Amino acid sequence: MAGRSPAHRIWEDEAHLAFLSIFPNTEGFSVVIPKTHRTSYVVDLEPEEYTALHLAAREVARRLDAAFPDVARTGIMYEGYGVDHAHAKLFPMHGTAGNAGEDWREVASPIDGYFDLYQGYLSSHDHHRADDARLAEVARRVRNTAP
Numbered sequence: 001m002a003g004r005s006p007a008h009r010i011w012e013d014e015a016h017l018a019f020l021s022i023f024p025n026t027e028g029f030s031v032v033i034p035k036t037h038r039t040s041y042v043v044d045l046e047p048e049e050y051t052a053l054h055l056a057a058r059e060v061a062r063r064l065d066a067a068f069p070d071v072a073r074t075g076i077m078y079e080g081y082g083v084d085h086a087h088a089k090l091f092p093m094h095g096t097a098g099n100a101g102e103d104w105r106e107v108a109s110p111i112d113g114y115f116d117l118y119q120g121y122l123s124s125h126d127h128h129r130a131d132d133a134r135l136a137e138v139a140r141r142v143r144n145t146a147p
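With UniProt numbering, letter number 111 in the sequence shown gets 111, and the count goes up by one each step, no holes.
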């Protein structure tokens, strides 16, 4: 927003700005930010700010869906370790056209990997079926831990 980096703006309102990533890993990879600086961990935003950011990302996702004929959905992710400014990352899911409503079908990833440590990116692929005892232990820990 300060004009120090090139920005290919695609949408904005009074409080948010959306632009194309200059380091895309897919065509249309976009970023939505609040115009006011906020910490990159969106969970720490006030509820109104969090909701507003997500609604802005939703608007941009709908525009990306409409802009690319081969896209039925756009993925939205909040990560926050590349830049310390709250932002949503949007990824048009190319090749998903026609995969909606009654024509919905599962799209499975061929990637097989499990991460013990954050690798600098997030992935939504499945891994091997987890042990129920381990899942129960993790579920108990989460249920019994207050923020």
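A virtual CB, placed ideally from N, CA and C, is assigned to each residue, including glycine.
Note that this is a predicted model, so its numbers are computed, not measured.
Range of the contiguous alpha helix (DSSP H) that encloses residue i
{"i": "Ala139", "result": "Asp132 to Arg143"}
{"i": "Arg73", "result": "From DSSP, Arg73 is part of no alpha helix (DSSP H) but of the beta strand (DSSP E) over Val71 to Met77."}
{"i": "His54", "result": "Pro47 to Ala67"}
For residue i, the three-state DSSP class (helix, strand or coil)
{"i": "Glu12", "result": "strand"}
{"i": "Ser129", "result": "Looking at the sequence itself, residue 129 is Arg, so the reference to Ser does not match. Reduced to three states, the DSSP call for Arg129 is coil."}
{"i": "Val83", "result": "coil"}
{"i": "Val42", "result": "helix"}
Contact check, residue i vs residue j, beta carbons under 7 Å
{"i": "His37", "j": "His85", "result": "yes"}
{"i": "Pro34", "j": "Ala57", "result": "no"}
{"i": "Val42", "j": "Tyr50", "result": "yes"}
{"i": "Leu90", "j": "Ile76", "result": "yes"}
{"i": "Val31", "j": "Phe23", "result": "no"}
Alpha-carbon spacing of residue i relative to residue j, whole angstroms
{"i": "Ala100", "j": "Ser124", "result": "19 Å"}
{"i": "Val71", "j": "Phe29", "result": "12 Å"}
{"i": "Arg73", "j": "Gly98", "result": "10 Å"}
{"i": "Arg4", "j": "Leu17", "result": "15 Å"}
{"i": "Pro47", "j": "Pro147", "result": "15 Å"}
{"i": "Gly80", "j": "Glu12", "result": "20 Å"}
{"i": "Ala108", "j": "Thr96", "result": "12 Å"}
{"i": "Arg63", "j": "Asp103", "result": "21 Å"}
{"i": "Met93", "j": "Asp65", "result": "9 Å"}
{"i": "Arg141", "j": "Asp126", "result": "22 Å"}
heavy atom of the ligand SAH below 6 Å from residue i C-beta
{"i": "Val83", "result": "For the ligand SAH, the structure offers nothing, since it holds no ligand at all."}
Cβ-based burial, residue i [other Cβ within 10 Å; buried from 16]
{"i": "Ala88", "result": "buried"}
Extent of the continuous beta strand (DSSP E) run through residue i
{"i": "Pro6", "result": "Counting along the chain, Pro6 falls outside any beta strand (DSSP E), and DSSP gives it neither H nor E."}
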